[in-house]
Amino acid sequence: MDIRNRKGRLLAAIALLFSIAFTSCGGGGDFAGGGTGGTGVGPVTGFGSVKVNGVRYTTTGANILIGGVENRPESELKVGMRVRVDGDFSAVDNTGTAGRIEVIREVRGPLDDNGVDNVLNRLRVAGQTVLVDPATVFDNVAGLTALQSLQAGTLRHPEVEVHGAADDVGFIHATYVRKGADDFPVASDDVEVRGKVSGLDPFAFRFLIGSLPVSYSGAGLVKVNWPLTGIANGAYVEAKGRITAAGGSGTLSASRIEVLDNAVGGNNDPVRVEGYVVSGASKDSFVLLGPGGRVTVNGVGATLSGGTVAPGVKVQVEGAVSGAILRASVVRVRPAGKVRIEAGVSGAPNVAAGTFTVLGKQIRTDGYTRFKDTSGGLRTFGLADLPSGDNVMVVGSYDASDDVVNAILVERIPSLDNDRPLLQGPAAGEIPDVSFTIVGIRVDAGFTNTEYFAKDGTSLGSGPTAVAAFFTELVDGDVVMVKRGVFSPGTPSTIDEGVGTPRMEIGFEQVND
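With the working numbering, the residue at position 9 of the sequence shown is 21, and numbering never jumps.
Written out as structure tokens, the structure reads:
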């Protein structure tokens, strides 16, 4: 390269970064800033006011920001949406008053070509990898299969909006997925994406978020909140603009870029935040990825529950900000929702204890459990609205020591598949070609009325050969789904194939941590 030309481009890049900082030093812009008082960051878990991180916030007079638009009605918030709440709250009775609620979207854009993987339960949206699990709430689309059918290969690229928490690899663990237009209008609508900068080329004015190239050559259009030390590899940003092509091959031409602030609150503010651990193997000292970047947590003296802190683990932290440190008083490890049960409720729930029963198994809820009513559409749906006989889908983790399922999501559903239950969870206690257990319920192998599926999703058929092939693949800890079995209470309770139709199905399921 010509030295003078290279020097000129370098000076232009420096000037661009300087102009970005200079034009934003007065504040303002479309992107959200911080707030005063306490802060909560996590998915919406319910309504009757707004519930986030175990706190019920009243929203009278609150400024609700959705997509950069202020003063939106509370009715536009949905269960599973990730939000930041700035206001005041009490840790004694877990109530608060929201002054400001910002909806945090990780990505909104077109589904990539062949962007649905039903085996690994993944999406690709505008170059971002999205992991879904049984607790992911889908809006305006039934799920991955329905989304895949809309795409019809590479002919269309449905608009997909994703909320959730990202890990340090950049994978988005989705709590809420909404389908918009059946085919994203790339010529007339903006793509929005948040993530970590990589592959920065200051001479070409480009970088990557995930696999999406971002061009920021329009210096007069790009604004970045102050303070700014410069766009750099490893910085967390939000970018907005038009994409040159859908399908995964386009470049985002940014009209806005914000270098995100990793602060989760002001000094001495009480904070509750949910995110994935980036580094550290002790609750005494670790780093989690918050909505704006890495947050250092000091948990010396904090109460730890739910498991062990380790990279890649999701945690919920309660504490207070001290300078650049979040000093934790409570650290909750939240295991992946590998258990899924669809069945009728047995008996009245114990609202005071936060428990109810399905398939003879106690389900335990807490302030972090998401409640959704698909059957009746009751926005304020909660445990008190769940009478005996109602059908529910429960997603959570199994605590074998208490023989209880800790619920992440409780969703009231209209009906069961052929009026028979669904049971999913880690397999244990395998007796080859005979049985295994899921959450303490014995699943008996069926020979004549059961269809088996391999780990790659292909059918193994039925009969002794299929049974042997399935059990050859099965190892303890594999997540297995059992559909349309016949449940029999007892010691132990069992599920078997029954007789006649419908057939029971047994197969493996990929659950993303």
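Glycine is no exception: its CB is placed at the ideal position from the N, C-alpha and C atoms.
Looking at the unbroken alpha helix (DSSP H) that takes in residue 476, where does it start and where does it end? Following the DSSP letters along the chain, one finds residue 476 inside the alpha helix (DSSP H) bounded by residues 476-485.
**Report entry** Range covered by the alpha helix (DSSP H) that runs through residue 400
**Finding:** Element bounds for residue 400: n/a, residue is neither H nor E.
Taking one C-beta from the region 152-171 and one from the region 81-95 each time, how about it: are there three or more such pairs within less than 8 angstroms?
By the Cβ rule, the region 152-171 does not count as touching the region 81-95, because fewer than three pairs are nearer than 8 angstroms.
Is it the case that the Cβ atoms of residue 322 and residue 293 are separated by a distance below 8 angstroms? Cβ distance < 8 angstroms, so residue 322 and residue 293 count as in contact.
Pull up the distance between the alpha-carbon of residue 267 and that of residue 348, whole angstroms please. Rounded to the nearest whole angstrom, the CA to CA distance from residue 267 to residue 348 is 37 angstroms.
On the DSSP letters alone, give me the boundaries of the alpha helix (DSSP H) that residue 157 sits inside.
From DSSP, the alpha helix (DSSP H) with residue 157 extends over 156-163.
request  = Mind reading off the beta-carbon distance from residue 169 to residue 118? Whole number of angstroms is fine, and I expect it under 8 angstroms.
outcome  = Contact between residue 169 and residue 118 does not hold, since the beta-carbon distance rounds to 18 angstroms and is not under 8 angstroms.
Quick one: measure Cβ to Cβ for residue 445 and residue 492, integer angstroms, because I've assumed they're closer than 8 angstroms.
-> At roughly 15 angstroms, the Cβ-Cβ gap does not stay under 8 angstroms, so residue 445 and residue 492 are not in contact.
**Asked** Around the C-beta of residue 83, are 16 or more other C-beta atoms found within 10 angstroms, so that it is buried, or is it exposed?
**Response** Here residue 83 is exposed. Its C-beta has fewer than 16 other C-beta atoms within 10 Å.
- Task: Identify every run of the beta strand (DSSP E) within the region 222-305, keeping only runs that are complete inside it and at least 3 residues long; order them along the chain.
- Result: The beta strand (DSSP E) runs lying completely inside the region 222-305 and spanning 3 residues or more are 224-227, 248-255, 264-271, 282-294, 297-302, given in chain order.
Locate the beta strand (DSSP E) running through residue 462, then write down its first and last residues.
Per DSSP, residue 462 belongs to the beta strand (DSSP E) from 462-465.
Output the distance between the C-alpha atoms of residue 225 and residue 81, rounded to the nearest integer angstrom. C-alpha separation (whole angstroms): 26 angstroms.
Please state whether DSSP places residue 525 in a helix, a strand or coil.
Three-state result, residue 525: coil.
Please report the straight-line C-alpha distance between residue 432 and residue 131, rounded to a whole angstrom. Approximately 24 angstroms, taken between the alpha carbons.
> What is the DSSP secondary structure of residue 509, reduced to helix, strand or coil?
Replying inline: Of the three classes helix, strand and coil, the one that applies to residue 509 here is coil, per DSSP.
Practice task
Name the residue from 184, 518, 307, 517 whose alpha carbon lies nearest to the alpha carbon of residue 331.
Solution key: When only C-alpha atoms are compared, the closest one is 307.
With H, G and I counted as helix, E and B as strand and the rest as coil, what does DSSP make of residue 86? Assignment of residue 86 by DSSP, reduced to helix, strand and coil, places it in the helix class.
| request: Could you please give the first and the last residue of the uninterrupted beta strand (DSSP E) stretch that includes residue 94? | output: In the DSSP annotation of this structure, the continuous segment of the beta strand (DSSP E) that includes residue 94 starts and ends at 94-102.
- Message: Nearest by alpha-carbon distance to residue 147: which of 299, 246, 55, 270 is it?
- Response: Among 299, 246, 55, 270, the Cα nearest to that of residue 147 belongs to 55.
Point to revise | Alpha-carbon spacing of residue 58 relative to residue 371, whole angstroms | key: Distance between the alpha carbons of residue 58 and residue 371 is about 25 angstroms.
Do the region 415-426 and the region 387-397 make contact, defined as three or more Cβ pairs closer than 8 angstroms?
-> At 8 angstroms Cβ cutoff, the stretches touch.
- Message: Tell me the rounded alpha-carbon separation between residue 206 and residue 113.
- Response: Approximately 18 angstroms between the Cα atoms of the pair.
(request) Please go through the same chain and pick out, in chain order, the residues whose beta-carbon is closer than 6 angstroms to the beta-carbon of residue 120, but skip the five residues on each side of it. (result) So the list reads 173, 204, once near-sequence residues are dropped.
Pairwise C-alpha distance: residue 253 and residue 200
Roughly 10 angstroms between the two C-alpha positions.
Can you give me the C-alpha to C-alpha distance between residue 244 and residue 350, rounded to a whole angstrom? Rounded to whole angstroms, residue 244 to residue 350 spans 37 angstroms at the Cα level.
### Message
What does the alpha-carbon distance come out to for the pair residue 327 and residue 497?
### Response
Cα to Cα, residue 327 sits roughly 35 angstroms from residue 497.
Sorted by chain position, which residues of the same chain lie with C-beta nearer than 8 angstroms to residue 288's C-beta, five sequence neighbours on each side aside?
The beta carbon of residue 288 is closer than 8 angstroms to those of 177, 178, 179, 180, 185, 300, 301, 324, 325, 326, 327 in its chain, skipping five residues each way along the sequence.
Review point. Which class does residue 431 belong to by DSSP, given the choice of helix, strand or coil?
Key: Looking at residue 431 - three-state DSSP - the assignment turns out to be helix.
Beta-carbon spacing of residue 53, residue 271 below 8 angstroms: Pairing residue 53 with residue 271 gives a Cβ-Cβ distance that is not under 8 angstroms.
Proximity below 8 angstroms, CB of residue 346 to CB of residue 388
Residue 388 is positioned such that its CB atom lies no closer than 8 angstroms to that of residue 346.
(Q) Measuring straight from C-alpha to C-alpha, what distance separates residue 509 and residue 503? (A) Each residue's alpha carbon lies about 18 angstroms from the other.
- Taking the continuous beta strand (DSSP E) assigned at residue 188, which residues delimit it? Taken as a continuous stretch (DSSP letters only), the beta strand (DSSP E) holding residue 188 covers 184-191.
Figure out for me which residue from 407, 453, 108, 218 has the closest Cα to the Cα of residue 262.
Ranking the options by Cα distance to residue 262, first place goes to 218.
Report all residues from its chain with a CB closer than 7 angstroms to the CB of residue 522; omit the five preceding and five following residues, and keep chain order. Excluding positions up to five away in sequence, the list reads 131, 132, 133.
Mapping DSSP to helix, strand and coil, what is residue 352?
Residue state for residue 352 is assigned as strand, using DSSP reduced to three classes.
Presumed contact (8 angstroms Cβ cut-off) between residue 434 and residue 354, rounded CB distance = Contact annotation, residue 434 with residue 354: C-beta distance approximately 4 angstroms; criterion of less than 8 angstroms satisfied.
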